[in-house]
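Beneath this line is the structure, given in structure tokens, with notes to follow.
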């Protein structure tokens with residue numbers, strides 16, 4: 009292929025390069041882009057506020073939250089659940105009251121229907137009136153269409169995690185204690201490049217490092233430290249207590265900019281689907 013082969017227009021084949029170029033310029037087809045490290049959440053940032061946590065808590069699934077943010081979210085969910093339960097209870101009461109007077113309502117509706125049908129037949133333009141009553145008219149309020157009231161489903165009574173959607177209760181949250189790196193200057197937490205380190209080996213914690221939270225002490229250690237030093241004896245070196253499998257929480261971390269971090273649950277490719285131009 010020559011140097012100007014990609015820009016050749018005399019070819020009878022619609023090449024892949026031309027298709028991608030027209031897709032970007034014409035804004036059609038599926039637009040894909042790779043999420044860079046700057047757009048990814050850091051491992052020590054809250055999943056709701058996306059800011060470094062000052063009082064972090066972690067869920068059993070490994071999602072990190074600011075305590076104030078997750079408590080407000082759970083409280084908001086409880087208020088919404090209480091509102092839905094009240095509306096659902098009112099609907100049940102209305103259904104129960106309507107079922108008791110079913111016979112009377114059926115009789116009244118039958119008599120009303122017979123009266124209206126006879127009145128329509130007695131008019132000289134009965135067919136036209138009957139047709140007009142069935143049609144919706146925007147300008148006449150009595151002939152406008154009305155939406156039917158939908159039945160409410162029984163609401164869920166349990167609060168959920170805002171990220172995973174699984175059931176989450178207040179007692180499921182575990183306090184996290186990060187071990188801060190020694191700093192020689194007075195920079196704020198956000199301005200610091202390396203903020204925390206492993207509580208056992210003092211290794212720097214970054215998005216490249218897989219981390220584990222020990223539920224018994226709340227300490228954060230690296231996954232290598234857990235596999236090589238703690239997993240064999242299952243003892244918490246900070247609290248000096250026995251560990252179980254449920255006491256080990258694998259912390260969810262953000263992407264690093266490399267494809268190897270795609271197994272963390274946060275994808276590296278963003279897609280936007282737009283209308284597709286059929287070309288051959």
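In my numbering, the protein residues as written are 9 to 288. Beta carbons are placed, not taken as given, at the ideal position from N, Cα and C, and that holds for glycine.
Using only alpha-carbon positions, find the residue among the options that is nearest to residue i.
i, options, result
"residue 159", "203, 103, 194", "103"
"residue 289", "202, 92, 180", "In the structure as shown, the chain starts at 9 and stops at 288, and residue 289 therefore has no counterpart that could be examined."
"residue 172", "71, 60, 63, 224", "71"
"residue 279", "219, 27, 22, 42", "42"
"residue 247", "234, 84, 222", "222"
"residue 157", "99, 74, 77", "99"
"residue 252", "101, 242, 259", "242"
Grab me the residues of residue i's own chain with a C-beta within less than 6 Å of its C-beta, minus the 5 sequence neighbours each way, in chain order.
i, result
"residue 186", "204, 228"
Go ahead and label residue i buried or exposed: buried means 16 or more other beta carbons lie within 10 angstroms of its beta carbon, across all protein chains shown.
i, result
"residue 24", "exposed"
"residue 244", "buried"
"residue 22", "exposed"
"residue 175", "exposed"
"residue 107", "exposed"
"residue 267", "Note that residue 267 scores a pLDDT of 48, beneath 50, so its modelled location is shaky and nothing firm can be said."
"residue 226", "buried"
"residue 261", "buried"
"residue 65", "buried"
Please go through the same chain and pick out, in chain order, the residues whose beta-carbon is closer than 7 Å to the beta-carbon of residue i, but skip the five residues on each side of it.
i, result
"residue 180", "67, 68"
"residue 95", "160"
"residue 59", "53"
Is the Cβ of residue i closer than 7 Å to any Cβ of chain B?
i, result
"residue 204", "Although the question refers to chain B, the structure presented lacks it and comprises just one protein chain."
For residue i versus residue j, is the C-beta distance shorter than 7 Å?
i, j, result
"residue 230", "residue 206", "yes"
"residue 238", "residue 163", "no"
"residue 73", "residue 53", "no"
"residue 62", "residue 77", "no"
For residue i, collect the residues of the same chain with a Cβ closer than 8 Å to its Cβ; drop the 5 residues on either side in sequence, then sort them by chain order.
i, result
"residue 282", "35, 36, 37, 38, 39"
"residue 165", "89, 93"
Does the beta carbon of residue i fall short of 6 Å from some heavy atom of the ligand FAD?
i, result
"residue 65", "The ligand FAD is absent from the structure shown, which contains no ligand whatsoever."
For the structure I just gave you, are there three or more beta carbon pairs, one from the segment 45 to 63 and one from the segment 211 to 227, closer than 8 Å? yes
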